[in-house]
Amino acid sequence: MPISTAVAIDPPSLERLGLRPAGGPQNRERAERAAAARSLMYLFVVGALVAAAALASPVADHISTSRIGITGGCSALIALLLFAGYDRLPAWTLSVFLLCGSMLIEWSIYSASDPTSPFLLFYVWVAFYAFYFLSRFQAALQAAFIGVAYGAVLALSNEPFRTQIVRWVVFTVALVVAGLLVRVMRERIDALLGSLNSVSRTDLLTGLLDDRGFEEILEKELERGRRSGNRVAIALARIDGDGRLRERVDDRRADELLSEIGGEIGGTVRLNDEGARIDDEHFAIVCPYTDEQGGVVMAERIASLVRERYGDSDAPQTLSFGVASYPKHGSGSDALMHAVRQALDEARMLGGDRAVTFFSAESSIEERLRGADVSLEVLTSESRSS
Numbered sequence: 021m022p023i024s025t026a027v028a029i030d031p032p033s034l035e036r037l038g039l040r041p042a043g044g045p046q047n048r049e050r051a052e053r054a055a056a057a058r059s060l061m062y063l064f065v066v067g068a069l070v071a072a073a074a075l076a077s078p079v080a081d082h083i084s085t086s087r088i089g090i091t092g093g094c095s096a097l098i099a100l101l102l103f104a105g106y107d108r109l110p111a112w113t114l115s116v117f118l119l120c121g122s123m124l125i126e127w128s129i130y131s132a133s134d135p136t137s138p139f140l141l142f143y144v145w146v147a148f149y150a151f152y153f154l155s156r157f158q159a160a161l162q163a164a165f166i167g168v169a170y171g172a173v174l175a176l177s178n179e180p181f182r183t184q185i186v187r188w189v190v191f192t193v194a195l196v197v198a199g200l201l202v203r204v205m206r207e208r209i210d211a212l213l214g215s216l217n218s219v220s221r222t223d224l225l226t227g228l229l230d231d232r233g234f235e236e237i238l239e240k241e242l243e244r245g246r247r248s249g250n251r252v253a254i255a256l257a258r259i260d261g262d263g264r265l266r267e268r269v270d271d272r273r274a275d276e277l278l279s280e281i282g283g284e285i286g287g288t289v290r291l292n293d294e295g296a297r298i299d300d301e302h303f304a305i306v307c308p309y310t311d312e313q314g315g316v317v318m319a320e321r322i323a324s325l326v327r328e329r330y331g332d333s334d335a336p337q338t339l340s341f342g343v344a345s346y347p348k349h350g351s352g353s354d355a356l357m358h359a360v361r362q363a364l365d366e367a368r369m370l371g372g373d374r375a376v377t378f379f380s381a382e383s384s385i386e387e388r389l390r391g392a393d394v395s396l397e398v399l400t401s402e403s404r405s406s
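Numbering (my numbering), first residue to last: 21 to 406.
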């Protein structure tokens with residue numbers, strides 16, 4: 021009986037083509053990389069279709085069909101590479117593919133033996149893409165390459181030198197100005213998105229607070245604790261494993277794990293508690309009206325849920341927690357964060373999948389004195405008399 025096997029594409033083909041929204045969590049950097057790859061892919065697809073149409077049109081007798089055919093084939097091949105690589109392509113490959121596109125355009129204009137060929141308009145696509153998706157320096161390099169390429173085409177033509185200069189200047193200036201307008205629009209959009217992110221204080225990947233939101237809520241709860249005398253527990257968590265998470269799994273899987281674990285944290289904490297993702301791999305929880313023992317209980321509950329969720333998977337995932345509390349382990353946010361980071365490092369050194377409370381010699385002496393109902397001054401005077 022024949023066995024059929026199907027290879028699943030991740031992300032699916034419809035998502036790569038932009039015909040379906042992205043499934044699962046996506047951070048902004050990877051979404052931007054995917055949009056850039058998809059846009060460049062469609063530029064090459066259109067280029068291949070235009071080349072095919074040129075070969076089938078009545079003007080085919082006046083152009084080099086072999087060169088146009090090679091141009092169309094190369095465009096189709098690059099489009100396939102962009103489709104296959106998609107959001108996993110390194111950023112530098114987009115610049116290289118765009119340079120290849122400029123060379124193909126130059127090849128097409130040269131094959132038409134006409135420096136005013138309609139293929140010249142394709143350079144505008146390249147400029148728009150470069151100034152929108154690439155950095156300023158990379159966009160400037162692309163524009164410079166286009167200027168040199170078109171200058172070479174004009175130099176090989178039979179037109180008067182003065183005409184060549186005028187055409188080159190008009191074309192280059194128009195191209196750069198159009199690209200700069202696109203760049204201004206892009207930077208304006210980035211500024212608006214940055215303003216929205218700073219106002220929202222929400223991590224888009226997990227729905228928890230981001231680092232700024234965490235700092236604000238921590239200061240707020242500590243100030244409330246100073247006024248009322250209430251305790252505040254803090255827990256800091258990180259996924260166990262050697263090295264960074266994104267070095268062990270790809271970006272898409274890392275985003276999925278972070279989103280799922282963020283969901284477990286958000287669904288487990290109490291109404292008064294606040295969960296946050298304070299950097300790429302660290303989660304933090306602020307637990308007001310709770311000491312370090314209550315923070316450990318909360319941390320162990322979350323760790324247990326994560327352990328059960330991924331226990332049967334091919335790559336089990338666990339969490340380590342560091343726990344500290346106000347005022348026992350610090351009176352300010354910096355001291356408390358230092359304490360929970362030390363406790364987290366201790367938990368990971370012990371093998372992970374556990375919650376460790378911050379320990380210091382000062383807190384140990386304080387606890388022993390309280391348990392013995394002896395004051396520090398009495399103990400000091402007794403030791404001196406002896």
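Quick reminder that beta carbons are idealized off the backbone N, C-alpha and C, glycines included.
Could you tell me how far apart the beta carbons of residue i and residue j are, in whole angstroms, since I believe they sit closer than 8 Å?
i: G10; j: A57; result: Since the first and last residues shown for the chain are 21 and 406, residue 10 lies out of range.
i: D270; j: R48; result: That pair is no contact at about 17 Å.
i: F117; j: L60; result: 6 Å
i: R374; j: A363; result: Actually they do not touch by this definition, with Cβ atoms about 10 Å apart.
i: A147; j: A74; result: Incorrect: roughly 22 Å between the Cβ atoms, too far for contact.
i: Y149; j: R206; result: Not a contact, Cβ separation roughly 11 Å.
i: A169; j: E126; result: 4 Å
i: E301; j: R264; result: 7 Å
i: F142; j: I98; result: Between I98 and F142 the Cβ distance is about 14 Å, and since that is not below 8 Å, they are no contact.
i: A96; j: R53; result: Not a contact, Cβ separation roughly 22 Å.
i: L154; j: S115; result: 6 Å
Determine the closest residue to residue i out of the options, with distance taken between C-alpha atoms.
i: A274; options: A194, L225, W127; result: L225
i: A255; options: E49, G314, R208; result: G314
i: D299; options: G233, G89, V146; result: G233
i: Q9; options: R244, V144, E236; result: Since the displayed the chain opens at 21 and closes at 406, residue 9 lies outside it and no answer follows.
i: T55; options: E35, E328, F157; result: Just to set this straight, residue 55 is Ala in the shown sequence, not Thr. A55 has its Cα closest to that of E35, out of E35, E328, F157.
i: V408; options: L174, V202, M205; result: There is simply no residue 408 to check, as the chain begins at 21 and stops at 406 in what is shown.
i: T183; options: D293, P135, V196; result: P135
i: G295; options: I209, D30, E235; result: E235
i: L39; options: R53, R50, Y62; result: Y62
i: L238; options: D334, Y346, G331; result: Y346
i: A159; options: E179, L119, F181, R321; result: L119
i: L85; options: S128, V289, S95, L97; result: Note on residue identity: the sequence assigns Thr, not Leu, to residue 85. It is S128.
i: V376; options: I185, F165, A323; result: A323
i: T288; options: R266, R268, R297, A319; result: A319
i: G89; options: S115, L101, L102, L124; result: L124
i: P230; options: R327, V196, R297; result: Looking at the sequence provided, one finds Asp at residue 230 rather than Pro. Among R327, V196, R297, the Cα nearest to that of D230 belongs to R297.
i: S353; options: A42, P31, E243, V202; result: E243
i: R290; options: R268, L277, V317, R266; result: V317
i: F103; options: P32, N250, L370; result: P32
i: R327; options: A42, R203, L277; result: L277
i: L356; options: A304, G331, L370; result: A304
i: V66; options: L100, P41, R87; result: L100
i: A335; options: S351, R268, G372; result: R268
i: G249; options: G372, A42, S351; result: S351
Could you name the residues of the same chain whose beta carbon sits closer than 6 Å to that of residue i, not counting the 5 residues immediately before and after it, in chain order?
i: V398; result: For V398, the predicted model reports a pLDDT of 34, less than 50, meaning its position is unreliable; a value from the coordinates is still stated below. So no residue of the chain qualifies.
i: E241; result: V252, V306, P308
i: S77; result: none
i: V360; result: I254, L256, G342, A344
i: Y130; result: V173
i: R156; result: none
i: S133; result: none
i: G167; result: T192
i: S137; result: I129
Quick one: what's got a C-beta closer than 8 Å to residue i's C-beta in the same chain, skipping five residues either side?
i: T113; result: G105
i: F378; result: E312, G342, V343, A344, H349, A359, V360, Q362, A363
i: C94; result: C120, L124
i: R50; result: D107, D271, R272, D275
i: L176; result: Y130
Sorted by chain position, which residues of the same chain lie with C-beta nearer than 7 Å to residue i's C-beta, five sequence neighbours on each side aside?
i: L37; result: none
i: W188; result: Y170, G171, L174
i: G92; result: A68, A71, A72
i: N292; result: P308, Y309
i: I29; result: none
i: L201; result: none
i: L228; result: G282, I285, G286, G295, A296, R297
The ligand FMN and residue i: does any heavy atom of the ligand fall closer than 6 Å to the residue's C-beta?
i: D334; result: Absent from the structure shown: the ligand FMN. Ligands present: none.
Whether or not the region 338-347 and the region 255-274 are in contact is what I'm after, with contact meaning three or more pairs of Cβ atoms, one per stretch, closer than 8 Å; do they touch? yes
Report yes or no: do three or more beta-carbon pairs, one from the region 283-290 and one from the region 210-221, lie closer than 8 Å? no
Which parts of the region 254-331 are runs of the alpha helix (DSSP H), unbroken and 4 residues or longer, counting only runs that do not cross its ends? 265-268, 271-288, 312-330
Going residue by residue through the region 45-113, where are the continuous alpha helix (DSSP H) segments of at least 4 residues, counting only ones entirely within it? 48-76, 85-105
Extract the residue ranges of the beta strand (DSSP E) inside the region 141-196, only unbroken runs of 3 or more that lie entirely within it. none
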